[in-house]
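In the working numbering, the protein residues as written are 989 to 1219.
Note that CB positions come from ideal geometry on N, CA and C, so glycine has one too.
Just so we're clear, the structure is a prediction, and the values are computed from it rather than from any experiment.
Read the structure below first, then the notes.
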Ligand SMILES: N[C@@H](CCC(=O)N[C@@H](CS)C(=O)NCC(=O)O)C(=O)O
């Protein structure tokens, strides 16, 4: 069983998509990051960076101790290696996948996260910051669109690199870009959106949102999420 310490955000969706695609049994354990649950000592023991997602594989191999993994890229790699799915076995295919997985972790995710922050969450509207991250989003979309010009998915076959990128493209309507000018990306997006496993993953997210009430962001959540210093 895979225990997923989870909240319905882009980084959380990556893991439920992968779990639905691989068919591994899993259980969702909500971590309400707007209420500070990411600072609970029990959670910090498995995710010292106080971020979701994190997983605990309760039976990595018959009779062995549970293993925990944090950082969505490491988790996707773990699940791909555990199941032998969505990460090509040959050297070239493996590195086609891994370089784009790391591109998502170091570029697409953080930059689009800042785009969302300055355009929608920051109490002060700073034109320089809004423009900086909107342009960077546009640049990254362009990189992905060119990559997809001559292949169906990012590494060729559908892999964990696609699962990492897709949830960050879902809110494209909020990112200030001109969606229709990225036709290869639109085709790729629609192909992934139609996958039954992806639809199941987002249905699980809705279950958590309904049960835990994740709609909107109040002042307390804003302080918790955006006021973090060393302590
Ligand atoms: N690099 C991390 C980023 C994870 C991340 O930023 N998670 C956000 C939700 S999408 C979070 O847990 N935020 C809690 C907080 O900021 O305290 C990953 O890919 O797993």
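Residues sharing a beta bridge with residue i, DSSP
i, result
"residue 1144", "1141"
"residue 1058", "1042"
"residue 1017", "993"
Check: residue i C-beta below 8 angstroms from any heavy atom of ligand 1
i, result
"residue 1058", "yes"
"residue 1017", "no"
"residue 1085", "no"
"residue 1026", "yes"
"residue 990", "no"
"residue 1163", "no"
"residue 1023", "no"
"residue 1097", "yes"
"residue 1100", "no"
"residue 1088", "no"
"residue 997", "yes"
Close beta carbons around residue i, own chain, < 8 angstroms, minus the five adjacent residues each side
i, result
"residue 1054", "1044, 1045, 1046, 1047, 1048"
"residue 1027", "1038"
"residue 1174", "1167, 1168"
"residue 1196", "994, 995, 996, 1016, 1018, 1202"
"residue 1185", "1005, 1008, 1009"
Test item: CB-CB of residue i and residue j under 9 angstroms
i, j, result
"residue 1084", "residue 1149", "yes"
"residue 1059", "residue 1037", "yes"
"residue 1109", "residue 1214", "yes"
"residue 1090", "residue 1130", "no"
"residue 1040", "residue 1010", "no"
"residue 1122", "residue 1163", "yes"
"residue 1241", "residue 1068", "Only positions 989 to 1219 of the chain appear in this structure, which leaves residue 1241 out of reach."
"residue 1013", "residue 989", "yes"
"residue 1065", "residue 1096", "no"
"residue 1133", "residue 1170", "yes"
"residue 1051", "residue 1212", "no"
"residue 1152", "residue 1099", "no"
Status (buried if at least 16 other CB within 10 Å, exposed otherwise) for residue i
i, result
"residue 1199", "exposed"
"residue 1155", "buried"
"residue 1087", "exposed"
"residue 1192", "buried"
"residue 1072", "exposed"
"residue 1114", "exposed"
"residue 1201", "exposed"
"residue 1217", "exposed"
"residue 1194", "exposed"
"residue 1137", "exposed"
"residue 1079", "exposed"
"residue 1143", "buried"
"residue 1187", "exposed"
"residue 1025", "buried"
"residue 1182", "exposed"
Nonlocal neighbours in the same chain, by C-beta distance under 6 angstroms from residue i, ignoring five residues either side
i, result
"residue 1157", "1177"
"residue 1056", "1034, 1044"
"residue 1141", "1150"
"residue 1167", "1160"
"residue 1074", "1068, 1147, 1148"
Short CB-CB distance (under 9 angstroms) between residue i and chain D
i, result
"residue 1208", "Absent from the structure is chain D; it holds one protein chain and no more."
Contacting residues, own chain, Cβ-Cβ under 7 angstroms from residue i (five flanking each side not counted)
i, result
"residue 1145", "1076"
"residue 1189", "1001, 1004, 1005, 1008"
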